[in-house]
Structures are given as C-alpha cells and as structure tokens.
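K.L.:
Protein chains: 4
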Amino acid sequence: MKNVAIIGGTGYGAVELIRLLQLHEFMHIKKIISHSQYGEGIANTYPHLTEFIKEPMEELDIDRLKEEVDIIFFATPAGVAKDIIPDFQGSSVQCIDLSGDLRLTSAEQYKEWYGKDPAPQETLDKAVYGLPEVYKEQVKQAQIISNPGCFPTSALLGLIPAIEHQVIANQSIVIDGKTGVSGAGRKQSAMTHFSETNENVKPYKIGAHQHIPEIEKYLSDIAKDSITTTFTTHLIPMTRGLICTMYAPLEKNITSSEVIDLYESYYETHPFIRIRDEGTFPTTREVYGSNYCDIGLYVDQRTNQLVVESAIDNLVKGAAGQAIQNANLMNGWDEKHGLNTIPIYP
Amino acid sequence: MKNVAIIGGTGYGAVELIRLLQLHEFMHIKKIISHSQYGEGIANTYPHLTEFIKEPMEELDIDRLKEEVDIIFFATPAGVAKDIIPDFQGSSVQCIDLSGDLRLTSAEQYKEWYGKDPAPQETLDKAVYGLPEVYKEQVKQAQIISNPGCFPTSALLGLIPAIEHQVIANQSIVIDGKTGVSGAGRKQSAMTHFSETNENVKPYKIGAHQHIPEIEKYLSDIAKDSITTTFTTHLIPMTRGLICTMYAPLEKNITSSEVIDLYESYYETHPFIRIRDEGTFPTTREVYGSNYCDIGLYVDQRTNQLVVESAIDNLVKGAAGQAIQNANLMNGWDEKHGLNTIPIYP
Amino acid sequence: MKNVAIIGGTGYGAVELIRLLQLHEFMHIKKIISHSQYGEGIANTYPHLTEFIKEPMEELDIDRLKEEVDIIFFATPAGVAKDIIPDFQGSSVQCIDLSGDLRLTSAEQYKEWYGKDPAPQETLDKAVYGLPEVYKEQVKQAQIISNPGCFPTSALLGLIPAIEHQVIANQSIVIDGKTGVSGAGRKQSAMTHFSETNENVKPYKIGAHQHIPEIEKYLSDIAKDSITTTFTTHLIPMTRGLICTMYAPLEKNITSSEVIDLYESYYETHPFIRIRDEGTFPTTREVYGSNYCDIGLYVDQRTNQLVVESAIDNLVKGAAGQAIQNANLMNGWDEKHGLNTIPIYP
Amino acid sequence: MKNVAIIGGTGYGAVELIRLLQLHEFMHIKKIISHSQYGEGIANTYPHLTEFIKEPMEELDIDRLKEEVDIIFFATPAGVAKDIIPDFQGSSVQCIDLSGDLRLTSAEQYKEWYGKDPAPQETLDKAVYGLPEVYKEQVKQAQIISNPGCFPTSALLGLIPAIEHQVIANQSIVIDGKTGVSGAGRKQSAMTHFSETNENVKPYKIGAHQHIPEIEKYLSDIAKDSITTTFTTHLIPMTRGLICTMYAPLEKNITSSEVIDLYESYYETHPFIRIRDEGTFPTTREVYGSNYCDIGLYVDQRTNQLVVESAIDNLVKGAAGQAIQNANLMNGWDEKHGLNTIPIYP
C-alpha cells in the first residue's frame, strides 16, 4: 500500500482523483493539500465526499510529505508544480503533475504559451510525458510524470498510428476540438457561466491554445519531422466529455477498413483504446466517467482525407484517470488497476 | 460466486445493472435475456459495453435459467415479471423485480393504476418490498423482491422517520417530485424527445402517477393509519437525478436541528442515507451515479411545516443500485458490496 | 414617441429590455447607463447587439436624464434604484424599478430581507406594485412602478383568483418554485457555474428567499387577512423559465373544471394569462421569450387540495416584459404593444 | 397583404414560420395544411400557439390553394414538395420549399443522396436556390424557391467570399459542422432522444450527409471549378444553433485583418451577415432566434490555413427565416421585413 498526497485539493482534478482512488486497492489518500482552504474539510466544498474524506485539508509542508507519502499528484493550476517538484528530485517520492508545467521541454516555449517562468531545465529533462500508449517503458522508469493535457491526449492517440505508419501527410493536419465545460475547472468566468454556455457552442482561444505546442511537439517527435497543426477548440454545453475531429491528407491509397485494422493492431496491447467498427463513431457519452479513449476512423475517398474521431472523458483519460494509469505503471501494478470500470450510460 | 441473469437486456435498468455488477466480486453476469434482440451482442446497441459483455443476448428459457443461475434481475417494463416470476416460486432462484408488478399487494389497485391483470395473489404475498432501510430483516429472508419505484424510494426515505416519530401529521402531506429524463426509459416519446424536454420543466401525470398508491401504501403501513398524499411529478432537463421536495404540517414543536438529529439517529446503521447539516440541502448531482439518498431538513417556524429534500440517482438508488443492495442482503454479503463508490462530480 | 433610458446596462434585465423595446413603436432607447462600463459600447459585452446599439453607454447624470428622457427602467441590483428614484419624484419622468427596492412597503421588512437601508417612506408610498392583472388602474396612474419579482409574479397570478374567491384556505399554502439560472443574473458564483448547475437540481435559499415577504404581502392584501406561505426555490439546469407548483387546502367543494372556469373568467380581460384545459398543464418552454403566464389547475379530490402550475419566462413576464406592459399602461398605449409575440418553440 | 399557406403544419419548420409571420405586416397565414392531423387545431400539439391560431388545420386541396393563397411555404419532409409544386407551375402562386427536394438540380444526384425519385426536370430548372446573399437578383424574379439546407447556409456564407476572391484553394476544404437537435425535427429516434443526446457529442452521417452535394454544387458554381469538401456533422446537446468551422489552404499571402475587410466589403449590402472583429468569434447563442449569420475569421500563419466560424440559428436563417427573407425579395418588400429582431440572449 502506497501513501498518496493530492495537492490542489479544491479543484475538479483533485475531486476526480479522490473518486478514482476510492476504487484503488494499493493507493491510500494520506493527505489533501490546499493552499486556500487548509484546515477545512473538503466536504464543506464538496458535500458528496461526506463519509469518504474526514481529515481536514493541510498546508503544503515539503519535509513532511517526503516522510509520509510515496506518491504526489499535482492537481494545481499552471505555475505551481514547477516550483515544488524540484524539491522532490533526488527523493524517492513519485511526482505526477496534471498541470501543463512540465509538458513543453523547451523553456522558451513554456514562457511564450504559458506566460510564466519555466521549471528548471533539469526538472524538465527528468519529466516523462505520461501518455502510456506511446511512452509506456519510459513511464515505468520515471520518477516525475508530466501528465498530458486533455486535448493532446485525444489528438495524439487519434493521430499517432497514422503518423507513425505514414498513412497521412505531416502537414495540413486539422484538429477540431470540442470540450465540455469542466475542462475550464471550477473558477468562475464567462467561460464557465451557465447562462453564457448553455444552449451555445463557443469557439475559444482560436490559434492561441497552450495545447498547440504540446500536440505539435509529440507529433513531431513521433514523425521525426516538424509538424504543425491547425487546432481550434469549441466549448460545448455539457459538463464532461471531449472529442477531437481530425482531418489529414492521405499519403497512401488505403480504405477505412485497412486504417481500422492498422489502429487495432497498433493499440492491441493497450487496454484503454477501443477502435470502432467501420461506419460507426464514438460519442463522448460512451466514455463518460471512464479511462477509455474511443476512436472512429473514416477514409473519405472523394477528398483523399483521413477523418478521425477520438473521444475521451476530459477529467479521466484527459486528467485524473491517466494520472492513475501512470502511477500503476510506475509501481509495477496492472495498468488497469482501479480503472476497470464501465462508462456511466446514459 | 453467484450466477446472475438480467431479463430486459436493452433498457437502461439492465445497462445500469451491468455497470454496477462489474464492481461486484460475488456476482457474475451469466446471461442477458432480451425478447426483442436475442442473438445479438448488447454492444451493438450500447457500444460503451464493448470489451465487457461479449456473449450474445439470449431468449427467455425458464428451465435453463433454473439450472444455470442463482439470481435474476427483472429490468422489464410493467406487465412482464408478473407472468414469469411465478414459475420460479418454489425453486431456489432469487428474483428481484425492478418493475412495478409486485409493489401493490392489492390486485385491484394494480389493475386500476397499471391497467393490466395483476400477478397471482400468492406471488404478491411472497414478494418483499425491497427498501432495506425499512424492511432489512424481511429482505434478508426473501426469495422474491419487489424493488421500489424511484419516486417512492426518495419520498419514503424522506418521510418515514417523521411519520414513525409522529413529528408530522398523517394528512396534508405534499410531495413535489422532480426527475431527470432517464426515468422514462429508452423508448421514444414526446416525454423523451430532446427538443421538447431541453430548456423546459414539464409537469406530467398530475394526479395519475402509478407511484401514488405505492407511496401511500407504505406510508400507511408505517403509520398504521390511512395516509393520502398530494403528489406531482416534473420532468427536468437532465438525464439522471431525482429529488422530492416534501411538505408536511408539524404535529410537534420541534426545531430543524432536532429533526436532523432524529433522522440521523433513525438512519444511523444505514450506510446509504446521508443527512445534511442544518441550513444545507442536497442536490441531485451530489448523489450522481451512486446509491446514496441524501436528505436535507428544514422546519419552517413561520408556517409550522416540515420541509424535506430527498435526492437520489433514479437509476441507482431508484433502481439498479437498490436491487444490488437487496441482493447483497439476501445473500448475507455486506450491504455496501459493489456499491461503495463516490458520486461522480461534477 | 417617448425617450427611454435603461440604467444597469450590462445585466440580463437590460439586455432583455433592449430586445423587447426593439419591437416597440412608441419607445426609443435614448440612453443606456452603466456604472461599471460607461464609455464602452454594449456590443463589446454582448456582440449579439452589434448593429442595434451603437452609442456608448453613459454615466449616470440625473439632470440630463430629466431633460432628455421620459421613462427610466432600472435594471439594477438591489440597493441602487432606491437611492436614485427619489431624485425623480416631482419630475415628469416615469420610473420603473425592476429590482426589489420598492416592493416591500414596510421599511423594516426591507432591512430584514435585503440587509440594506430602505428607500425613503414617501418613495415607498408612491410606488405602485406593477402586476397589471391585479393593479391595472393604479398602474395607469403611477409615476413610479415597482416591478414584481419573478417568483411573486408566477405565484401571485397562480393563487390570487383562488384566494379572492375563497376557494382555498389562507393558511397551509405551499409554493414550490423552480427556476432557470438566468434569474441569478450575470454575476459569477457557484449558483451560476455551469459544471455545478448542469445535470443538477439545487434547492437554495430555503426559508430565506427575499421573495417570501413580497408574496405574502400581496396575498394578504387581496385576502384582507394575514397569509403566510411555505416557499422553496430550486435551481433547474436551464437558462430561462420559471414555474411555481402550488398546493392549497380547498375551502369549497369544487371540481377541476369549475376552478378552470373561475380562473378563465377572472383573467378574461387580461391578454397575457392563458388558462389550460382540464388535464393539461403548462411547461416553461411554452412561454419562452414571451410575456405569457400559462396556468394549469387540478383539484385533487383524494386529498382535498388545489394544485396550480404557473409558468412564466423569468426575464419577460418575470422582469423586462412586465416592465414594458406597465409602461404601456402608464402611457395609455395598448397593454400588448411590443409584446404580442409568439413564444419561441422549441 | 398576401395570403399564405403552410404545408406540413405539425413540424418545427411550420411552427417557426408561424412565429416569424406573426411579426410580418404583409403576409397573413390563411391556411395550415397537415396530412396527418387535418381537422385538428394546431394548439392541440403546440399549446404555446393558443390564442394565435384558432382555425383547424386543413387537408391539402390544390385547387382551393390556387384560389385562396398567394404564397405557399412547404415545411414538409423530403419527398413531398417535389410532387406538389409542379401543380402550381404556371399559376401565380409563389412556392418556397424548405425541404431538400429542389436543391440538387441533377436528378441523379437527388436519387443517390435522398433515395427517392426526383422532381420533374422542368421544376428543378425553374427553382431558384434561395440564398439571397448570393442569388438576390434571381430570387427577386423567382416563382419557385428552393430554400437552402441549414448546414449549406452556414458553410456557403462562410466560404463563398474566400472562394470568389481566390483567397483559398478549391481543394482540401474541411467543414466541421455542429448542430443542435432541432435540426432533426420532431420525429422520434435515437438521434432525438434526450438521454442519448444530453451531455454528449455525437458524430453522425460521416461521409453520407445529403448536404454534401448541395454544398459542393454551389461552391463549384461560384468557383467555376469542381470543388469537393470533407464535411462532418456533430450533434450537440442544445436545441437550436448551428456552427460550421471551416478550414482551407490559403492561396494568397493575407492577414486576418485583410480577410475580415474582404468579407465586410463582400457582405456590405447584406443586412443579415455580421462579420466579427479580429480576434473574436461568434457563438450560436448570439444568433439565437434571429436571421443572422455571424462570421469570424482567422488566418493561421503557422499553417497557412484560413479558419472560418459561421454561426446561424438552424430554424431561422437555416430554414424559416431565410424562407421569409426570400418571400420578401420575391414580393418587393424590404428584405428585413418581419425579421429585424434582436437575438434572444441569454
């Protein structure tokens, strides 16, 4: 049994970690750290946690964490983990950062897209990008995990097999992202205001989303080529769920059925990827509350384009679930441990 | 390990049973029976079940069921279970009926409110009303369970402590029900049409809901008095969730805090009931996907009324979760087994 | 043509006034006053108003308003209008206050429920409660209108005929209110956060809503008796729409059909009240975007209770539409002018 | 004053026509024709129309229509108007078909995409495609209008200026469509079932949508070149609203600001097109209930792509509103007559 701390206790990432860890037999939540509400019970903010978490949240105390916990999940806003994780380097504590702080290994890029000072380069260099379907071996060896963003998880899982097998061109890739509102977290803004968001589709951060360099970096790594993508994001009137619709020019003469076979074979040993049968496409509801990424594929013969639909629950495979999947791998447990649940439908 | 069959495989009740049974270590889904789609895989209809259920659905075969399964869940529309369950009387198979067929022990009442011929009287007499917070000992001994309706579950749990302790009068009780659309099942109608239901509150079946006699029967049993209630139902633009707001004239001079204490003590040994602190009230989201019934209480001193808010997930505590809770008790397992999960929030 | 000013230019009340006044031939929006954003165009905040309002919002200047406008709508939060309206007393400017500042004629009650200092007594005394279906003659003569709250509009219109005709008792009246989120305005809070509100029913302000004394005051005035009501409010996952379900003990032996006749006759000359046929009930969608109040009635013979469902659009009949209806009456125009539109469905 | 008939009285297209025609001073609804419900009042099905339409719906009678009405709106499913409109050719009755029957002038294409026999070629040849921003002069002269589909309206208005000015290539155009559920009409199906659609994004008809040939035909006409597009459609959990996100390779070195200028100049005399300022994009809510098409533009310099967001209300500019706009032009009235209303927000 490993002891776990969650830093950033009052956000949705933490709440989802708590929900999922309740089903995990080898991890025990020892501490929940909150900068703004330490001393309080988390059930004051989230009454649905009554009966589950009774200890008050605590202030950050790095020395005590080193003594008392084995794994730390950072469910913090951008700009927090980068200043704390370096203190754990050299210790045996495993750090899994759900924020974007360690995803761009270029310090300049981080400054440009996040508008903050980056983590120390040696921390950036040690962090492993926790997309287990692609970097499983590195994850197993990692002490620091940079957990992927929600859009990059969906986009990379949907594109990488086609990139790696040179089914599609490296340029002119279009990614049309659609996300539920919980991706914006619990802070209040026009983006999260019910009356502004309900019965509405709202394009946002067009050409300016911080997930653009993340997607391009890992696609480029796979392709061993410099890939740029046209990426847009749309806010959808739902709480959870994220789907990227992707379009890319075909490099090969290939049918829908052949692409499906190729993806199935690529993900054969990866339990959280489900490839849909020809002519059918995933919906976000079909992965709701689960760690699945469901992928549908279509070759448009008329236009010579590959169309990919890649659906996840942004709070699970796009955040807390993937973090636990990474923790499982880092500790030699079954990758699916605690995550082998059926999506909640309807 | 007990083998389980689910009859009525393509409705939401069955799908929710499958989701919850996946977390249960002592029950194994052996068969899914579907009258309309036997021979097909359930994942054709519900792609989110891919990887979980691979065997095709089967036709009903009572003799084989007697041989091969220990427990049958009836997730069938009204009018089906009543004709099948009698065939299992005398066998060792445990039958749990999620429909309304066995809830009214008066054959005449069933005919009046359901418009169908009732079950045989000896089946009605053998069936135990599976509200474990009230009838736990009977449930433990039962072979046939009549699983309560969604509104009655919420209403009875919210009213019974006050009735039993004569805090409120037996007359002039008002129950204002509010439910998500999944309660109407998967069949298509104006009630379940998105464009008719979204951005809308729709009163329905005013004075004519088949849950009225069910609520009144069990309240009356508790009170040892004939209780009638004014009960209305409102369709809310959400998928899951049900809350009854109840109003009853006080019979005693009592404060909110005293009523809360009384409820807490009444439900002390019942793990799925959570009583809210004074001044706070449950929301349906706070029980989403879970077997909890969360209850908030308020004494309106100005009008001498008790106000109760009682929230459940209509598909869990209002259907499949409660059915599993009953199965746990019937088989001597921990009441919470497979149900000890945190609500999914947000 | 009368010139109009709207004070409180960036809230939903103002935006709805602008939408409705666009259809009005005798009122012209001369000025929009905003304390927080004067100098800016309103289309910066509300791009849907591009092409309609081009002049920048202005700072409050009472002298210029007296010179340049004939009618002022106060779409301001509680506590603003009460300090401004007295400056217009004695002038010819008509003031219509959409906030709660002038609704309680008792200064003590205002202090208690709103937590602020009240308006001067002489302003309170001059203000007419702008519920035209009940106070039409007074409205016609008024210079200052206190526009009713959204819940009181629905509740009073649903109860007054039965109170006035002594169909129901003056005590033990229950009002179960259900409202869309736009009633909470545009400010950001947990109440208006999409992820907290979507797929959720949330009871709020139980026993503490500032509409309680307003409802009771006007019911009591009609009854010439002191009436108290048990009033609860529930936040529904929709933007617009409000419905009160009301329950009251019958004082008379009466059928549903007779109550319906009585209401139809009571509201015969009131074009915005539509009484539903027996056995049918209004939904909020059926009044969406319109100034209607649709009412359904049911006599529960089993429990001797009258059940009333009264649906409005909270931003129209519950705010801006009713304000324009009042302005029409004050100026001798047809009550329906600018408001004779069909609800938007679906 | 012209007399109007609506055929297809019980669908959402008819209901929206009724709503909008209520604001029109020169058209009077003389008849509502319903094949399935003639003899009944439309308010039986749509209670919100009580007080507005009192005459019962009628059976189709072509001779009487020729005598009694001047304009007919066909709000019928595919396959109906094509068999009726030929009977009005040669008469003075103006026919406006909201279905897809006359949109594809190639009889073969209609057969292929709609699976039905096409209209007579001479009817196809006479019908004018009613997209007034492009074909205004032809519309003014037309007797038969083929009213554009909802997706084509959004896509064509968003792409045509760039095509016509050769800003973008004629190939590799991607159109990612997102629509509310009302586009699927009132008939009941899994697509329109609340529990299947709420909290969900559902890709549908990928590569098979009957709007594909319509979009390509009119783009090709403008380009005088054969254009194919990759077009996908996604069902969004909202009732109304449609937005197409479009991506096309740039043919010119151009900035966002220059593209915006070009669109503004292209649509200068077209009152229903609003081009957003640089860096801002329309949301569907901002056109809700109105005849506007709001367009946002962005040049992605990194990938050399033009991104267009084009938002409409699918029932107004995508159906009934555009039909009225066409009727205005055909009859020499102001194009905006009856349509000059502010979107309903929020």
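Protein chains in written order, with my numbering: chain A, 1 to 346; chain B, 347 to 692; chain C, 693 to 1038; chain D, 1039 to 1384.
Idealized CB from N, CA, C, for every residue including glycine.
Note that the structure is predicted; figures quoted are calculated from it, not measured.
1. Check the Cβ-Cβ distances between A:Phe-194 and every residue of chain B, and say whether any is below 9 Å.
2. Between the Cα of A:Gly-149 and the Cα atoms of A:Gln-141, A:Asn-170, A:Ala-169 and A:Gly-177, which residue gives the shortest distance?
3. Which of the residues in the region 18 to 47 of chain A, read from start to end, lie with their CB under 8 Å from any CB of chain B?
4. Could you please give the first and the last residue of the uninterrupted beta strand (DSSP E) stretch that includes A:Arg-64?
5. Just to make sure I have the definition right: I need the residues of chain C whose C-beta is within less than 8 Å of the C-beta of D:Glu-1347. Which are they?
6. Pick from D:Ser-1294, D:Thr-1191, D:Ala-1157 and D:Glu-1302: whose alpha carbon is nearest that of D:Asp-1338?
7. In whole angstroms, give me the CA-to-CA distance for C:Lys-909 and D:Thr-1088.
8. From what residue to what residue does the beta strand (DSSP E) around A:Gln-94 run?
9. Got a sec? Which residues, its chain only, sit under 7 Å from A:Pro-56 by beta carbon, not counting five neighbours each side?
10. So, helix, strand or coil for D:Gln-1343, using DSSP?
11. Step through the CB atoms of chain A and report whether any lies within less than 9 Å of the CB of D:Gln-1343.
12. What does DSSP give as the partner residue(s) for A:His-357 in the beta ladder?
13. Span of the beta strand (DSSP E) holding B:Asn-349?
14. On the premise that B:Glu-545 lies in contact with C:Thr-925, defined as a C-beta separation below 8 Å, what is that separation, rounded to the nearest angstrom?
15. Please state whether DSSP places B:His-374 in a helix, a strand or coil.
16. In whole angstroms, what is the alpha-carbon distance linking B:Lys-663 and B:Asn-672?
17. How should C:Gly-1030 be labelled, buried or exposed, when 16 other C-beta atoms within 10 angstroms of its C-beta is the threshold for buried?
18. Flag this pair as touching only if the region 425 to 432 of chain B and the region 358 to 371 of chain B have three or more C-beta atom pairs under 8 Å; answer yes or no.
19. Leaving aside the five residues before and after A:Ile-254 along the sequence, list all residues of the same chain whose C-beta is less than 7 Å from its C-beta, in chain order.
20. So is D:Val-1239 in contact with chain A if we call contact Cβ pairs under 9 Å?
21. Pull up the distance between the alpha-carbon of B:Asn-349 and that of B:Glu-413, whole angstroms please.
22. Return the residue from the list C:Gln-997, C:Leu-790, C:Ile-1004 and C:Phe-780 that minimises the CA-CA distance to C:Tyr-980.
23. Return the chain-ordered list of same chain residues with a C-beta closer than 7 Å to the C-beta of C:Gln-830, the five sequence neighbours on each side being excluded.
24. Could you spell out the range, first to last residue, of the beta strand (DSSP E) harbouring B:Ile-364?
25. Exposed or buried, which one is A:Asp-101 when buried takes at least 16 other CB atoms within 10 Å?
26. State the beta-bridge partners of D:Ser-1348 as determined by DSSP.
27. Output needed in chain order: residues of the region 1314 to 1329 of chain D with a Cβ under 7 Å from some Cβ in chain B.
28. Would C:Pro-769 count as contacting chain D if we go by Cβ distances under 9 Å?
29. Here's the rule I'm using: 16 or more other beta-carbon atoms within 10 Å means buried, otherwise exposed. How should C:Met-693 be labelled?
30. Could you pull out every residue in the same chain whose Cβ sits closer than 8 Å to the Cβ of C:Leu-712, ignoring the five residues on either side in sequence?
31. By how many angstroms is the C-alpha of A:Lys-205 removed from the C-alpha of D:Asn-1342?
32. By the three-class DSSP mapping on this structure, what secondary structure does D:Ser-1184 have?
33. Would you say A:Gln-171 faces chain D, with C-beta separation under 9 Å as the test?
34. Which residue comes first and which comes last in the beta strand (DSSP E) that contains B:Gly-523?
35. Given a cut-off of 9 Å on the beta-carbon distance, is the pair C:Ile-837 and C:Met-719 in contact?
36. Is there a Cβ of chain A sitting closer than 9 Å to that of C:Ala-882, yes or no?
P.N.:
Checking against the coordinates, here is how it stands:
1. The sequence position of residue 194 of chain A within the first sequence is 194, counting from 1. Proximity of A:Phe-194 to chain B, defined by a Cβ-Cβ separation below 9 Å, is not satisfied.
2. Sequence index remark: in the first sequence, residue 149 of chain A carries index 149 (1-based). Residue A:Gly-177 is the option with its Cα nearest to A:Gly-149.
3. Interface annotation for the region 18 to 47 of chain A against chain B: Ile-18, Arg-19, Gln-22, Leu-23, Tyr-46 and Pro-47, criterion Cβ-Cβ distance under 8 Å.
4. As a first step, residue 64 of chain A is located in the first sequence; it is residue number 64 there, counting from the start. Element bounds for A:Arg-64: not the beta strand (DSSP E) but the alpha helix (DSSP H), 62 to 68.
5. Here residue 1347 of chain D refers to the residue found at position 309 when the fourth sequence is read from its first residue. What D:Glu-1347 touches in chain C: nothing, since even the nearest Cβ is about 12 Å away.
6. Here residue 1338 of chain D refers to the residue found at position 300 of the fourth sequence. Ranked by how close their Cα comes to the Cα of D:Asp-1338, the residues D:Ser-1294, D:Thr-1191, D:Ala-1157 and D:Glu-1302 have D:Ser-1294 in first place.
7. Within the third sequence, the letter at position 217 stands for residue 909 of chain C. Within the fourth sequence, the letter at position 50 stands for residue 1088 of chain D. Rounded to the nearest angstrom, the gap between the Cα atoms of C:Lys-909 and D:Thr-1088 is 32 Å.
8. As a working note, residue 94 of chain A is residue 94 in the first sequence. 94 to 97 is the extent of the beta strand (DSSP E) around A:Gln-94.
9. By one-based count along the first sequence, residue 56 of chain A stands at place 56. Excluding positions up to five away in sequence, the list reads Gly-39, Glu-40 and Gly-41.
10. Stepping through the fourth sequence from its first residue, residue 1343 of chain D is reached at position 305. The three-state secondary structure of D:Gln-1343, taken from DSSP, is strand.
11. Position 305 of the fourth sequence, counting from 1, holds the residue named residue 1343 of chain D. D:Gln-1343 counts as touching chain A.
12. In the structure displayed, chain A extends from 1 to 346; residue 357 of chain A sits before or after that span and is not available.
13. Looking up residue 349 of chain B in the second sequence gives position 3. Segment 348 to 353, the beta strand (DSSP E) holding B:Asn-349.
14. Numbered from its first residue, the third sequence carries residue 925 of chain C at position 233. Numbered from its first residue, the second sequence carries residue 545 of chain B at position 199. Their Cβ separation, rounded to whole angstroms, is 18 Å, which puts C:Thr-925 and B:Glu-545 out of contact at 8 Å.
15. Working through the second sequence from its first residue, we reach residue 374 of chain B at position 28. The answer is strand: DSSP assigns B:His-374 an E or B state.
16. Stepping through the second sequence from its first residue, residue 663 of chain B is reached at position 317. Stepping through the second sequence from its first residue, residue 672 of chain B is reached at position 326. For B:Lys-663 and B:Asn-672, the gap between their C-alpha atoms comes out near 11 Å.
17. The residue labelled residue 1030 of chain C in the question sits at position 338 within the third sequence. Per the 10 Å Cβ criterion, buried.
18. With a cut-off of 8 Å on Cβ pairs, the region 425 to 432 of chain B is not in contact with the region 358 to 371 of chain B, counting fewer than three such pairs.
19. Within the first sequence, the letter at position 254 stands for residue 254 of chain A. Counting only Cβ-Cβ distances below 7 Å, and skipping sequence neighbours, we find Val-167 and Val-299.
20. As a position in the fourth sequence, residue 1239 of chain D is number 201, starting the count at 1. Put simply, the CB of D:Val-1239 is near chain A, with a gap under 9 Å to one of its CB atoms.
21. If you number the second sequence from 1, residue 349 of chain B lands on position 3. If you number the second sequence from 1, residue 413 of chain B lands on position 67. Taking the straight line joining both Cα atoms gives about 10 Å.
22. Taking the third sequence and counting its residues from 1, the one referred to as residue 980 of chain C is at position 288. When C:Gln-997, C:Leu-790, C:Ile-1004 and C:Phe-780 are compared, the shortest CA-CA separation from C:Tyr-980 is found for C:Ile-1004.
23. Sequence index remark: in the third sequence, residue 830 of chain C carries index 138 (1-based). Contacts found: Val-820.
24. On the second sequence, residue 364 of chain B is found 18 positions in, with the first residue counted as 1. Counting along the chain, B:Ile-364 falls outside any beta strand (DSSP E), though it belongs to the alpha helix (DSSP H) covering 358 to 367.
25. As a working note, residue 101 of chain A is residue 101 in the first sequence. It is buried - the Cβ of A:Asp-101 has at least 16 other Cβ atoms within 10 Å.
26. Counted from its first residue, the fourth sequence places residue 1348 of chain D at position 310. Looking at the DSSP output, D:Ser-1348 shares a beta bridge with D:Cys-1282 and D:Ile-1333.
27. Contact annotation: in the region 1314 to 1329 of chain D, no residue has its CB less than 7 Å from a CB in chain B.
28. Looking up residue 769 of chain C in the third sequence gives position 77. With its beta carbon at least 9 Å from every one in chain D, C:Pro-769 lies outside the interface.
29. Counting from 1 along the third sequence, the entry for residue 693 of chain C is found at position 1. Exposed is the call here.
30. As a working mapping, residue 712 of chain C is identified with position 20 in the third sequence. The answer, listed in chain order, is Val-1008, Ala-1012, Gly-1013, Ile-1016, Gly-1030 and Leu-1031.
31. Translated into the one-based positions of the fourth sequence, residue 1342 of chain D becomes position 304. Translated into the one-based positions of the first sequence, residue 205 of chain A becomes position 205. If I take the Cα positions, the gap works out to 18 Å.
32. On the fourth sequence, residue 1184 of chain D is found 146 positions in, with the first residue counted as 1. If DSSP states are grouped into helix, strand and coil, D:Ser-1184 belongs with the strands.
33. Residue mapping note: residue 171 of chain A aligns to position 171 of the first sequence, counting from 1. It does; some Cβ of chain D falls within 9 Å.
34. Counting from 1 along the second sequence, the entry for residue 523 of chain B is found at position 177. 519 to 525 is the extent of the beta strand (DSSP E) around B:Gly-523.
35. Locating residue 837 of chain C in the third sequence gives position 145, counting from the first residue. Locating residue 719 of chain C in the third sequence gives position 27, counting from the first residue. No; because the gap between Cβ atoms is not below 9 Å, this pair is not in contact.
36. As a working mapping, residue 882 of chain C is identified with position 190 in the third sequence. Judged by the 9 Å Cβ criterion, C:Ala-882 is in contact with chain A.
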